[in-house]
Structure formats: C-alpha cells, structure tokens
Amino acid sequence: MSRTTTWSCGAETAGPTVGYVHSSGNKVRYGLLKSRWTQALFGRDTGSASRMAYWAPLPDQSGPNLSACGSPLSVEASVRVLSGADVPQTPKAFAERTLREALTDAGNRT
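Following the numbering used here, the numbering of the sequence shown begins with 1069 at its first residue and continues without gaps.
As structure tokens, then:
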C-alpha cells in the first residue's frame, strides 16, 4: 500500500502541528534556529505547521529573589505558586513527560 502525504503550510492549514523542543545552550536568534531545525527535521519550511520551544534549566535552583516583590503576602503567594510548579530537572525528563502527555491527549495509554 502506498501512502502520499501532502504538505500545506500557512494559517489556513487545519492539519496537525508538530512541536519540538530545543534544549539549553548557546543559541542563534529564534527565527534562524527554527529554520535550521525545521529544515533538518522535515527537509523544507513547514511554516505554521511546526513550533519550536526552548527548554532551559533554571540557573539557580534555590528559587528567585522575592525580596523585591512587594508585601509579605505577595511574596508568600509567589512562593506557594513556585513551590507547586512542575519544573523538569533534565531535558530527558521534560521530553519523556511531554511525550506521555501527547500520547494521552491522542487517546493512547503509556
């Protein structure tokens, strides 16, 4: 059985959107980096049919400096929000979680 895939790029595209993550490190500007990755992954410009996200570890895992945030109440609320955040510790953990979520959203179970 032969299968032909037709690519159509642009805002009118109703097909699937491919998302991929670029890890931390030295990067060129976003547009150039996305263009390079899209060309490497798909062999052509996919326009709005692909999205790239940056992943970067927090430089200081002890948390942000909240001393300049205002009242003690706003600092306490910020700490609660930040302490409940699900921040991946490694690019691998982030990629694995993202894949699990995508498969679950697609109706598959891992």
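Just so it is clear, CB atoms sit at the ideal spot from N, CA and C, and this is done for glycine as well.
The C-beta separation of T1085 from S1118 comes to about 7 Å, placing the pair in contact by the 8 Å criterion.
G1175 and D1113 have their C-alpha atoms spaced approximately 29 Å apart.
DSSP links S1118 through a beta bridge to V1086. Here the alpha carbon of R1097 sits roughly 11 Å from the alpha carbon of R1104. For T1106, the number of other beta carbons within 10 angstroms of its own is at least 16, and it is reported as buried.
Rounded to whole angstroms, the gap between the alpha carbons of T1172 and L1109 is 24 Å. For A1108, the enclosing alpha helix (DSSP H) begins and ends at 1098-1110. One thing to note: G1099 has its Cβ no nearer than 8 Å to the Cβ of A1121. The C-alpha of G1115 is placed about 21 Å away from the C-alpha of A1170.
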